[in-house]
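Protein chains in written order, with the numbering used here: chain A, 2 to 361; chain B, 366 to 499.
Notes for the one structure printed next.
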Amino acid sequence: MLDRVRRDVERNALRARNGIKLVAGVDRPGVGLTPKDVVWERGRTQLWHYRSDRVRYSPPLLIVFSLVSRSYILDLTPGNSFIEQLLDAGFDVYMVDWGEPDERDAENRLEDYVDDYIPAAIDRVREISGADEVNVFGYCFGGDLCLLHAAHHPDAPVRSLTVLATPVDFTRMGPMSDVFRGGLEVDDVVDEDGNVPPRVVVQGFKTLTPTAEVTRYVTLWERLWSDEYVSAYQAMTGWSDDHIPFPGAAARETVQMLVRDNGFVTDRLTVGGDRVHLSDIRLPFLTVRADRDHIVPPEATAPLIDLVGSEDKHELRLAAGHMGLVVGKTAARTTVPEIIGFLRQRSEESAPARAAGQEG
Amino acid sequence: MTQPGTPMWRQAFDAAERRVTPHAENLVRTPGFTTGVTLLRRAQNLARDTARDVSARAWHLVNLPAGSDLARLRAQIGALDREVRRLTVQLENERRARAATDPTQEETDADGAHPTGGARPRPPRRRTQRPPGA
Numbered sequence: 002m003l004d005r006v007r008r009d010v011e012r013n014a015l016r017a018r019n020g021i022k023l024v025a026g027v028d029r030p031g032v033g034l035t036p037k038d039v040v041w042e043r044g045r046t047q048l049w050h051y052r053s054d055r056v057r058y059s060p061p062l063l064i065v066f067s068l069v070s071r072s073y074i075l076d077l078t079p080g081n082s083f084i085e086q087l088l089d090a091g092f093d094v095y096m097v098d099w100g101e102p103d104e105r106d107a108e109n110r111l112e113d114y115v116d117d118y119i120p121a122a123i124d125r126v127r128e129i130s131g132a133d134e135v136n137v138f139g140y141c142f143g144g145d146l147c148l149l150h151a152a153h154h155p156d157a158p159v160r161s162l163t164v165l166a167t168p169v170d171f172t173r174m175g176p177m178s179d180v181f182r183g184g185l186e187v188d189d190v191v192d193e194d195g196n197v198p199p200r201v202v203v204q205g206f207k208t209l210t211p212t213a214e215v216t217r218y219v220t221l222w223e224r225l226w227s228d229e230y231v232s233a234y235q236a237m238t239g240w241s242d243d244h245i246p247f248p249g250a251a252a253r254e255t256v257q258m259l260v261r262d263n264g265f266v267t268d269r270l271t272v273g274g275d276r277v278h279l280s281d282i283r284l285p286f287l288t289v290r291a292d293r294d295h296i297v298p299p300e301a302t303a304p305l306i307d308l309v310g311s312e313d314k315h316e317l318r319l320a321a322g323h324m325g326l327v328v329g330k331t332a333a334r335t336t337v338p339e340i341i342g343f344l345r346q347r348s349e350e351s352a353p354a355r356a357a358g359q360e361g
Numbered sequence: 366m367t368q369p370g371t372p373m374w375r376q377a378f379d380a381a382e383r384r385v386t387p388h389a390e391n392l393v394r395t396p397g398f399t400t401g402v403t404l405l406r407r408a409q410n411l412a413r414d415t416a417r418d419v420s421a422r423a424w425h426l427v428n429l430p431a432g433s434d435l436a437r438l439r440a441q442i443g444a445l446d447r448e449v450r451r452l453t454v455q456l457e458n459e460r461r462a463r464a465a466t467d468p469t470q471e472e473t474d475a476d477g478a479h480p481t482g483g484a485r486p487r488p489p490r491r492r493t494q495r496p497p498g499a
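What follows is the structure in structure tokens.
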């Protein structure tokens, strides 16, 4: 009994200390810290090359991130970083980060990313690495961009395509897509700068799990005494509340082509005026979906494996959530080794190790 | 499943949450919710646009530009910026492609002048998958 009282007193003291730290916003964990160089940029878009002296595999890996969230989720904190694990495994890793769109990006259409930026990033990676091809990896909506790119450019120098938590059946995306299918227009939610503001994106995600916000605070109160929990909470909730604007024209195109027409499933996709078909994708292909994903429900990703035309195609289903695919201990034990295994089979081991990065 | 050692208050919260969550998740997936969100958003926009129109008229009365005028200008500059950016990226891609196929090509082009009266070189053709509707 005495021990329990003592423990509760200690925990309440720690709760008070951590609570003050949270409210004051001090002692936040550093995110996206893996050393990298900007090797190409245009507008707000940057291509990052992660430094590594352990590169053992070729071709290099190009990660294409989502348009609506911040890319540091893949490099959350030291020791809990998907990027770090890829580097440790011996890959030469690059990432396309779309930056924070402003009014200059309001007219950006999907073709800007699919026909201009992704090919430019692939060319720059090949130029730096000297490789003939790259392995491409798309995360969430970045996976959709990669699918459109692969379908529109089947002769692009891409050796394999991996997509993670990538929705294709937008009728199964829940309330976020229902409101646009039910009559809401993108123009009803765009801001003065012509983009869909981050608060609308965050609110859209929160609507998917309406009680999660309350549960989050209750769990935080319960475990506020734990420094480790508070640190992880700050990093994770910092990311989930910290979205970026969705360029207006790309949002309009997404709503019309992908949400209302459900273009991936109904084969009604157009990029830059050309009809494209997922069945034209013939690359070695891996799709990873999470069974407990509340942002991209597994039913929204399920049809993808049957839509692509590749003969060498695989689907990996994991009992994880959207972020749990790349963050945390489960990801480190399950998802990441599976992805690394797939990529290793589509790579050559090159000896001796070549240092990556510091291109200047 | 409640873990051993979980405080009573947390057990009570979890029990309540388990009961409420399915109803809340069903609610946000009803047509009524969709209609409600749409109507609320449109009402907010109507109020905002009305206030903005009044404010714009006031500024125009004293021959000054309103925020909406500046927003329009910024949108036009943004569209122009996008065009320039796309052209730059396409030019870069084209240069790289030409340099990869023929390393001497770029220099030859740089030195050579196109005849002033002649037709401008055609832009590179975009590779399509198959004809529309095929």
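Heads up, the beta-carbon is just placed ideally off N, CA and C, and yes, glycines get one too.
All values derive from a computational prediction rather than experimental measurement.
Contact between the stretch 245 to 258 of chain A and the stretch 54 to 70 of chain A (3+ Cβ pairs under 8 Å): yes
Going by DSSP, what residue range makes up the beta strand (DSSP E) through residue 54 (chain A)? Bounds of the beta strand (DSSP E) holding residue 54 (chain A) are 53 to 59.
Contact check, residue 118 (chain A) vs residue 454 (chain B), beta carbons under 9 Å: yes
Where does residue 273 (chain A) fall in DSSP's three states? If DSSP states are grouped into helix, strand and coil, residue 273 (chain A) belongs with coil.
With a CB to CB cut of under 8 Å and the five nearest residues on each side skipped, what residues in its chain are close to residue 345 (chain A)? 58 and 90
By alpha-carbon positions, which one of A:106, A:88 and A:60 ends up nearest to residue 446 (chain B)? If we check each option's Cα against that of residue 446 (chain B), A:106 comes out closest.
Please list the terminal residues of the continuous beta strand (DSSP E) segment that includes residue 315 (chain A). 314 to 319
Output the boundary residues of the alpha helix (DSSP H) element that contains residue 371 (chain B). Premise fails: residue 371 (chain B) is in no alpha helix (DSSP H) and is neither H nor E.
So that I know if they touch, is there some Cβ in chain B lying closer than 9 Å to that of residue 254 (chain A)? no
Minimum Cβ-Cβ distance from residue 430 (chain B) to chain A less than 9 Å: no
Ignore the nearest five residues each way along the sequence and tell me which others in residue 288 (chain A)'s own chain have a CB closer than 6 Å to its CB. 164, 305, 306 and 316
So which residues of chain B does residue 11 (chain A) contact, with C-beta pairs closer than 7 Å? Neighbours of residue 11 (chain A) in chain B, taken as residues whose beta carbon is under 7 Å from its own, are absent, since the nearest beta carbon is some 15 Å off.
Counting only beta-carbon atoms, is residue 369 (chain B) nearer than 9 Å to chain A? no
Among the residues of its own chain, which have a CB less than 6 Å from the CB of residue 375 (chain B), if the five just before and after it don't count? none
Of the residues that make up the stretch 397 to 416 of chain B, which ones have a beta carbon closer than 8 Å to any beta carbon in chain A? 398, 399, 400, 402, 403, 406, 407 and 410
Which residues in chain A have a C-beta closer than 8 Å to the C-beta of residue 385 (chain B)? List them in chain order. 212
May I ask you to list the residues that DSSP assigns as paired with residue 126 (chain A)? For residue 126 (chain A), which the question treats as bridged, DSSP gives no partner whatsoever.
For residue 241 (chain A), report the span of its beta strand (DSSP E) as first-last. Per DSSP, residue 241 (chain A) belongs to no beta strand (DSSP E); it is in the alpha helix (DSSP H), 228 to 241.
Mind listing the chain B neighbours of residue 43 (chain A)? Cutoff is C-beta to C-beta under 7 Å, in chain order. 450, 453 and 454
DSSP-derived helix/strand/coil call for residue 377 (chain A): Absent from the structure is residue 377 (chain A), since the part of chain A shown begins at 2 and ends at 361.
With 9 Å as the threshold, decide whether the Cβ of residue 180 (chain A) is near any Cβ in chain B. So yes, residue 180 (chain A) belongs to the interface.
Expressed to the nearest angstrom, what Euclidean distance is found between the alpha-carbon atoms of residue 49 (chain A) and residue 39 (chain A)? Taken atom to atom, the span from the alpha-carbon of residue 49 (chain A) to that of residue 39 (chain A) is near 5 Å.
Output yes if chain A places a C-beta closer than 9 Å to the C-beta of residue 389 (chain B); else output no. yes
Could you compute how far the alpha carbon of residue 326 (chain A) sits from the alpha carbon of residue 341 (chain A)? 13 Å
When burial is assigned at 16 or more other CB atoms within 10 Å of the CB, is residue 37 (chain A) buried or exposed? buried
Close beta carbons around residue 335 (chain A), own chain, < 8 Å, minus the five adjacent residues each side: 319 and 321
Could one say the Cβ of residue 393 (chain B) lies closer than 9 Å to chain A's Cβ atoms, at least one of them? yes
Alpha-carbon spacing of residue 130 (chain A) relative to residue 61 (chain A), whole angstroms: 7 Å
By the 9 Å beta-carbon criterion, what residues does the stretch 113 to 139 of chain A contribute toward chain B? 113, 116, 117, 118, 120, 121, 124, 125, 127 and 128
Using only the heavy atoms of the ligand SAM, determine whether one of them is closer than 8 Å to the beta carbon of residue 55 (chain A). For the ligand SAM, the structure offers nothing, since it holds no ligand at all.
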